[in-house]
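Step one of this worksheet: look at the structure below.
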Amino acid sequence: MFEFAWPWIFALLPLPWLMRVLLPVADSGEPALKVSFLNDLEGLARRRARANLPAWRQQAPFILLWLLLLIAAARPQWLGDPLPIAASGRDLLVAVDVSGSMDFPDMQWQDEDVSRLSLVQHLLGDFLESRDGDRVGLILFGSQAYLQAPLTFDRHTVRVWLDEARIGIAGKNTAIGDAIGLAIKRLRMRPAQSRVLILVTDGANNGGEIDPLTAARLAAKEGVKIYPIGIGADPEQSGTLGFLGVNPSLDLDEPALMAIAQVTGGQYFRAHDGKELQTIKDTLDTLEPVTQQPTQARPAQALYHWPLALALLLSMLLVVRERWPDNPLQRFFTKDLFLQTQLPDWRQRLKRLRLRRRR
Numbered sequence: 001m002f003e004f005a006w007p008w009i010f011a012l013l014p015l016p017w018l019m020r021v022l023l024p025v026a027d028s029g030e031p032a033l034k035v036s037f038l039n040d041l042e043g044l045a046r047r048r049a050r051a052n053l054p055a056w057r058q059q060a061p062f063i064l065l066w067l068l069l070l071i072a073a074a075r076p077q078w079l080g081d082p083l084p085i086a087a088s089g090r091d092l093l094v095a096v097d098v099s100g101s102m103d104f105p106d107m108q109w110q111d112e113d114v115s116r117l118s119l120v121q122h123l124l125g126d127f128l129e130s131r132d133g134d135r136v137g138l139i140l141f142g143s144q145a146y147l148q149a150p151l152t153f154d155r156h157t158v159r160v161w162l163d164e165a166r167i168g169i170a171g172k173n174t175a176i177g178d179a180i181g182l183a184i185k186r187l188r189m190r191p192a193q194s195r196v197l198i199l200v201t202d203g204a205n206n207g208g209e210i211d212p213l214t215a216a217r218l219a220a221k222e223g224v225k226i227y228p229i230g231i232g233a234d235p236e237q238s239g240t241l242g243f244l245g246v247n248p249s250l251d252l253d254e255p256a257l258m259a260i261a262q263v264t265g266g267q268y269f270r271a272h273d274g275k276e277l278q279t280i281k282d283t284l285d286t287l288e289p290v291t292q293q294p295t296q297a298r299p300a301q302a303l304y305h306w307p308l309a310l311a312l313l314l315s316m317l318l319v320v321r322e323r324w325p326d327n328p329l330q331r332f333f334t335k336d337l338f339l340q341t342q343l344p345d346w347r348q349r350l351k352r353l354r355l356r357r358r359r
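Residue numbers (full-length UniProt numbering): 1 to 359.
Take a look at the structure:
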């Protein structure tokens with residue numbers, strides 16, 4: 001089925017005529033050429049002389065050009081038959097802490113020391129990209145919480161945005177309650193049995209406007225399950241000290257994270273290293289998918305390039321006519337070819353007329 005995506009564009013059709021009426025007439029500044037023997041020339045040509053072409057012949061190319069541009073701007077497209085899209089799975093949001101402590105390099109991955117955020121990006125990125133059939137989204141939080149990626153089936157793009165997250169992009173503090181509140185806002189309109197939030201943090205709530213437990217109770221009312229993941233090596237096992245000689249793992253508020261999981265019906269996980277985080281990822285993969293109502297989509301084939309190409313071709317022809325007047329196209333627009341074949345050369349007629357006047 002053919003249709004225009006933006007048919008309201010055609011409301012601009014009378015715009016050139018309105019501009020011609022409203023704007024003052026341009027003055028070329030050149031005097032008009034007066035011919036004293038114009039009547040004689042009209043008699044020789046057997047037609048009345050016209051200073052310009054007929055109005056419709058003057059304006060026809062520009063009317064056609066304007067119409068082609070409007071057709072292209074209205075986005076013509078051909079719609080195919082509706083196709084069902086299976087949508088079985090969960091609506092899963094991942095909230096990742098990007099505060100300053102997530103840059104602490106106390107995690108092990110492939111026998112190398114890596115920062116906490118780097119490990120989360122690697123393992124949770126694989127987890128998100130493997131959630132076939134799920135809508136996934138991403139929240140980054142620090143002093144404030146931001147929706148980096150809304151719920152979407154484009155899991156690869158969400159993975160890319162997680163990999164591009166940087167420390168301190170949302171502030172230096174940790175607003176766990178705000179992150180939960182933002183997740184509730186995005187999940188509350190989705191089916192009640194498919195609302196899941198995975199909360200990854202390495203500290204305690206020390207910022208934001210909402211208390212984490214209060215936000216967790218609101219999440220429970222909306223049917224949102226929260227799976228908190230506390231990340232960071234044990235303080236006694238890690239020999240690396242942070243700023244001012246303090247290990248950031250001491251800031252992890254495990255009782256609060258356990259309470260959040262308990263209130264919402266989720267489960268709390270503790271990741272001391274890369275192996276444990278891998279195990280947590282595998283555990284989260286065992287969540288039973290919930291079948292949602294399938295959606296339909298109609299494939300659309302854009303056709304705007306055809307009128308746009310014709311408009312470009314017509315513009316080039318008009319430029320050629322203006323820049324190089326002595327060409328077949330210009331003669332077609334400015335002369336009556338039929339009368340030319342019937343009448344002798346006007347120069348010979350004018351010469352004979354002048355000879356008769358001298359006699």
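The beta carbon of each residue, even a glycine, is placed where N, CA and C say it ideally should be.
Beta-carbon separation (whole angstroms), residue i vs residue j, contact threshold 8 Å
| i | j | result |
| --- | --- | --- |
| residue 379 | residue 93 | The displayed coordinates of the chain run from 1 to 359. Any statement about residue 379 would go beyond what the structure contains. |
| residue 200 | residue 231 | 6 Å |
| residue 123 | residue 281 | 5 Å |
| residue 217 | residue 263 | 6 Å |
Cβ-Cβ distance between residue i and residue j below 9 Å
| i | j | result |
| --- | --- | --- |
| residue 98 | residue 11 | no |
| residue 175 | residue 145 | yes |
| residue 312 | residue 61 | no |
| residue 163 | residue 209 | no |
| residue 95 | residue 167 | no |
| residue 187 | residue 224 | yes |
Neighbourhood of residue i by C-beta distance below 6 Å, restricted to the same chain and skipping five residues each side
| i | result |
| --- | --- |
| residue 148 | 138, 140, 161 |
| residue 190 | 91 |
| residue 75 | 5, 6, 304 |
| residue 310 | 68 |
| residue 269 | 229, 280 |
| residue 215 | 177, 180, 181 |
| residue 103 | 115, 167 |
| residue 300 | 77, 79 |
| residue 25 | none |
| residue 170 | 98, 140, 141, 142, 144, 146 |
Distance cut-off 8 Å: residue i Cβ against heavy atoms of the ligand HEM
| i | result |
| --- | --- |
| residue 259 | With respect to small molecules bound, the structure shown includes none, and the ligand HEM cannot be examined in it. |
Top-ranked residue by Cα proximity to residue i, from the options
| i | options | result |
| --- | --- | --- |
| residue 255 | 187, 205, 307 | 205 |
| residue 79 | 302, 155, 252 | 302 |
| residue 253 | 277, 213, 9 | 213 |
| residue 118 | 282, 299, 274 | 274 |
| residue 116 | 20, 136, 203 | 203 |
| residue 306 | 77, 14, 13 | 77 |
| residue 133 | 168, 153, 142 | 153 |
| residue 197 | 265, 143, 171, 211 | 265 |
| residue 14 | 63, 135, 286 | 63 |
| residue 131 | 112, 155, 110, 277 | 155 |
| residue 194 | 135, 215, 207 | 135 |
| residue 109 | 278, 59, 222, 8 | 278 |
| residue 17 | 59, 259, 8, 1 | 59 |
| residue 81 | 222, 211, 1 | 1 |
| residue 222 | 185, 112, 323 | 185 |
Nonlocal neighbours in the same chain, by C-beta distance under 7 Å from residue i, ignoring five residues either side
| i | result |
| --- | --- |
| residue 338 | Confidence is the limiting factor: at residue 338 the pLDDT is only 40, short of 50, which leaves the residue's position unreliable, though a coordinate-based value still follows. Cβ within range, chain order: n/a, list empty. |
| residue 267 | 227, 261 |
| residue 114 | 105, 107 |
| residue 3 | 77, 79 |
Close beta carbons around residue i, own chain, < 8 Å, minus the five adjacent residues each side
| i | result |
| --- | --- |
| residue 308 | 68, 69, 72 |
| residue 172 | 99, 100, 142, 143 |
Stretch pair the region 117-134 + the region 66-79: three plus CB contacts closer than 8 Å: no
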